[in-house]
Amino acid sequence: MDDATTSDERAVALAEAARRVVVVLGPTAGGKSDLAMELARRFGGEIVSADSMQVYRGMDIGTAKPTAAERAEVPHHCLDLVDADEEGFTVARWLLAADAAVAAIQGRGRVPIVVGGTNLYIRAFLEGLDEAPAADPAFRAALDAVPSAELHARLAASDPTAAGRLHPNDRRRIVRALEIAHATGDSATDRRTAWDDAGIAPRRSDLFTVILDWPVEEINRRINARVRRMFDAGFVEEVARLAGGGGLCAQARAACGYEELLAIVGDGWRAPRARELEEAAEATKIRSRRLAKQQRTWLKRFRALEPSLVLACDATTQACALADACTAALARVARACGRA
Numbered sequence: 028m029d030d031a032t033t034s035d036e037r038a039v040a041l042a043e044a045a046r047r048v049v050v051v052l053g054p055t056a057g058g059k060s061d062l063a064m065e066l067a068r069r070f071g072g073e074i075v076s077a078d079s080m081q082v083y084r085g086m087d088i089g090t091a092k093p094t095a096a097e098r099a100e101v102p103h104h105c106l107d108l109v110d111a112d113e114e115g116f117t118v119a120r121w122l123l124a125a126d127a128a129v130a131a132i133q134g135r136g137r138v139p140i141v142v143g144g145t146n147l148y149i150r151a152f153l154e155g156l157d158e159a160p161a162a163d164p165a166f167r168a169a170l171d172a173v174p175s176a177e178l179h180a181r182l183a184a185s186d187p188t189a190a191g192r193l194h195p196n197d198r199r200r201i202v203r204a205l206e207i208a209h210a211t212g213d214s215a216t217d218r219r220t221a222w223d224d225a226g227i228a229p230r231r232s233d234l235f236t237v238i239l240d241w242p243v244e245e246i247n248r249r250i251n252a253r254v255r256r257m258f259d260a261g262f263v264e265e266v267a268r269l270a271g272g273g274g275l276c277a278q279a280r281a282a283c284g285y286e287e288l289l290a291i292v293g294d295g296w297r298a299p300r301a302r303e304l305e306e307a308a309e310a311t312k313i314r315s316r317r318l319a320k321q322q323r324t325w326l327k328r329f330r331a332l333e334p335s336l337v338l339a340c341d342a343t344t345q346a347c348a349l350a351d352a353c354t355a356a357l358a359r360v361a362r363a364c365g366r367a
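So for the sequence shown, the numbering used here puts the first residue at 28; every next one is plus one.
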């Protein structure tokens, strides 16, 4: 491809990007943020985080939150929305913030780039919220005196899949799962399965979705390397600082790596033994690899979105090459729509 053609293609892609909300998806440690940064540089974009743990202030290293330098170079949104000890942050609250950020970015004539992240957040952004029953104050009041461990046991008896997904201390979500079953007669898992089985119905017509597809062995290697970098960068000290300050809410405590380290440092600082740190790091790697497996399953659903681009990645993949592929794909979309 000669320079003139390349220049023309980039101009067409830039014009098409200005009409779109770009959504970058992939497994944890899959290079989504690097690609988003490269696309933001090329297209004049701003990044919207769809990570449920990056909403918490102070949870930086363990969530791979963008650095201060990255945030200075490219505006980021939906980060640091609440303190780490604030209970009750919901996907609905995030979606309101994300929609507002996207509208504001477009209002400035820039390109929103949504990066995820958390499967439920991404699905809410792409397809909308699940229409679950409203809260039942009387039902919740009846559970106020019941210990969280007992509530978790009740959920495990009726909906073991949901119970396995929720931390025993995540009282808010446990109560919500019990409440849904009480109101509908269906378990939260049954409702989620029905939602999964339904055909995909995007709530926006301006989406351009990019999915990063990694071999299992390579993404596992990247996860292992990321966890080691986290621990080398002061992750233990970050968790100890949070625990010794206001603490962490149940949802934040259950995050990959944080739960494992909190079991060591407790509610204050004590110097962990080397073996404890190695065990915590290994447990974090295992949980992160399981998360990546779950994400890959969810991502299959979004391949049906149009227009979308699935990019095969390997150990040699660089963000600039992925951005080149996105540029070419956007130019093709523009031409297919008769805009070039």
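We put the beta carbon where it would ideally sit given N, CA and C, even for glycine.
Beta-carbon proximity of residue i to residue j, cut-off 8 Å
i: P164; j: T211; result: no
i: G89; j: A277; result: no
i: A189; j: A215; result: yes
i: K59; j: V51; result: yes
i: T354; j: R68; result: no
i: Q322; j: P54; result: yes
i: A77; j: V173; result: no
i: A91; j: I246; result: no
i: N251; j: K320; result: no
i: A346; j: L62; result: yes
i: L234; j: R47; result: yes
i: D240; j: V337; result: yes
For residue i, the first and last residue of its enclosing alpha helix (DSSP H)
i: P380; result: The displayed coordinates of the chain run from 28 to 367. Any statement about residue 380 would go beyond what the structure contains.
i: A358; result: A346 to A363
i: L52; result: Where L52 is concerned, there is no enclosing alpha helix (DSSP H), although the beta strand (DSSP E) it sits in stretches over V48 to L52.
i: D61; result: K59 to F70
i: T311; result: A301 to F329
i: L205; result: R198 to T211
i: V292; result: Y285 to V292
i: F116; result: Premise fails: F116 is in no alpha helix (DSSP H) and is neither H nor E.
i: E265; result: F262 to G271
Inter-residue CB distance, residue i and residue j (contact presumed, cutoff 8 Å)
i: F18; j: I201; result: In this structure the chain extends from 28 to 367, so residue 18 is not present and cannot be described.
i: H104; j: E65; result: Their Cβ separation, rounded to whole angstroms, is 18 Å, which puts H104 and E65 out of contact at 8 Å.
i: I27; j: L332; result: With the chain represented from 28 up to 367, any question about residue 27 goes unanswered, as that position is not in the structure.
i: E158; j: V360; result: 31 Å between Cβ atoms; not a contact.
i: D186; j: A208; result: 7 Å
i: R280; j: L289; result: 6 Å
Of the residues the options, the one placed nearest residue i, counting alpha carbons only
i: W325; options: I149, L234 and F258; result: I149
i: D197; options: R181, R218, S175 and A180; result: S175
i: G71; options: H209, T55, G134 and D213; result: G134
i: T236; options: W121, T117, A124 and E154; result: E154
i: A307; options: R249, V292, K92 and G144; result: V292
i: P229; options: G191, L170 and F152; result: F152
i: R317; options: E100, V243, A124 and L234; result: V243
i: R199; options: D213, D259, A252 and F116; result: F116
i: W121; options: S315, S34 and Q81; result: Q81
i: R84; options: D259, R268, L123 and D213; result: R268
i: D107; options: V101, D126, S79 and E97; result: S79
For residue i, the first and last residue of its enclosing beta strand (DSSP E)
i: I140; result: V138 to G143
i: I238; result: L234 to D240
i: S335; result: S335 to A339
For this session: Report yes or no: do the stretch 122-137 and the stretch 34-44 share at least 3 C-beta pairs separated by less than 8 Å?
Result: no
For this session: Pair every Cβ in the stretch 261-276 with every Cβ in the stretch 98-114, then say whether three or more of these pairs are closer than 8 Å.
Result: yes
For this session: Take every Cβ of the stretch 341-356, pair it with every Cβ of the stretch 255-275, and state whether three or more of those distances are shorter than 8 Å.
Result: no
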